[in-house]
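Every position in the sequence shown, counted from 1, becomes a number in this note's numbering once 1 is added. The block underneath contains the structure these notes are about, expressed in structure tokens.
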Amino acid sequence: MSTKKSFDVYYLLVSEGTTEYRLFGYLTKNKFKDVFSKSKIKFSDKVELVEMGVSQGKLNGVGNIKDFKKKYKSIREKYKGQKRFFMLDKDIDDSSDIEKLIKKNSDIVQFIEYNSEYLLLKLSSKNPKDRSEFKNLGEFRDYCKTEFQKQFSKKASDFKDVDFDSVFKNVKDNNIKRSFAELFSTLS
């Protein structure tokens with residue numbers, strides 16, 4: 002009887018910026034290292050588009066659908082035939098359009114509700130204000146960045162594994178997996 006050989010599945014990691022990149026790294030190479038290292042799913046951050054400021058798979062921000070489309074089109078053209086996994090904040094008005102575009106092309110997007118700063122504040126029981134208390138997403142995003150620096154005495158992009166440990170140490174694994182459902186769905 003022959004055994005069926007299974008192959009690794011590779012995704013190109015594309016993150017919004019440094020915070021999302023480091024958060025992804027922490028989850029897959031630290032917090033849930035055993036789960037990801039034993040899986041057939043592998044991620045590569047080798048997405049480089051120097052002319053667009055994309056390095057190590059970091060988009061260096063997503064301001065609107067027009068900006069995202071330009072970068073996305075270039076990534077799709079340069080890395081044809083490869084699966085892509087996006088890790089993005091969900092704090093711009095165009096987030097739903099970005100999601101539709103990504104899914105239309107059979108790529109995967111893990112949105113961070115609403116943004117990395119908000120999620121980390123919430124998970125560490127810092128009780129951030131609710132999105133509904135702000136007139137628009139821009140004001141909410143600015144509040145989250147300011148509140149994050151106030152609570153943690155550093156920018157989210159400066160967070161290291163030890164900082165993530167302090168946030169995630171009291172959070173149940175199931176709650177983390179729920180917050181990153183798309184990421185963990187790649188394992189099944």
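Every residue gets a Cβ at the ideal spot worked out from N, C-alpha and C, and that includes glycine.
(message) I'd like to know if the stretch 150–158 and the stretch 96–108 are in contact, where contact means that at least 3 CB-CB pairs between them fall below 8 Å.
(response) Flag = no, the stretch 150–158 and the stretch 96–108 do not touch.
(message) Can you check which of these residues, Y80, F25 and L50, is closest to I177 by C-alpha distance?
(response) Closest by C-alpha distance to I177, out of Y80, F25 and L50, is F25.
(request) Below 8 Å on the Cβ atoms is my guess for L102 versus Y73; work out the distance and round it to an integer in Å. (result) At roughly 7 Å, the Cβ-Cβ gap stays under 8 Å, so L102 and Y73 are in contact.
(message) Please report the distance separating the alpha-carbon of F135 from that of K39.
(response) Spanning the two alpha carbons is a distance of roughly 43 Å.
(message) For a test of the three-state rule: what should DSSP assign to F141, helix, strand or coil?
(response) The answer is helix: DSSP assigns F141 an H, G or I state.
(request) Could you say if the stretch 113–129 and the stretch 39–59 meet the contact criterion of at least three C-beta pairs nearer than 8 Å? (result) Segment contact: the stretch 113–129 against the stretch 39–59, fewer than three CB-CB distances shorter than 8 Å; contact not assigned.
(message) What does the Cβ neighbour count give for L89, buried or exposed, with the cut at 16 atoms within 10 Å?
(response) Burial state of L89 is buried, judged by a 10 Å Cβ sphere holding 16 or more other Cβ atoms.
(request) Assign F135 to one of three DSSP states: helix, strand, or coil. (result) Note: F135 maps to coil in three-state DSSP.
(request) Just mark V10 as buried or exposed, buried being the case when its beta carbon has 16 or more other beta carbons within 10 Å. (result) Counting Cβ neighbours within 10 Å, V10 comes out exposed, since fewer than 16 surround it.
(message) Among the candidates K59, K127, R85 and K84, whose CA atom is the shortest distance from the CA of V172?
(response) V172 has its Cα closest to that of K127, out of K59, K127, R85 and K84.
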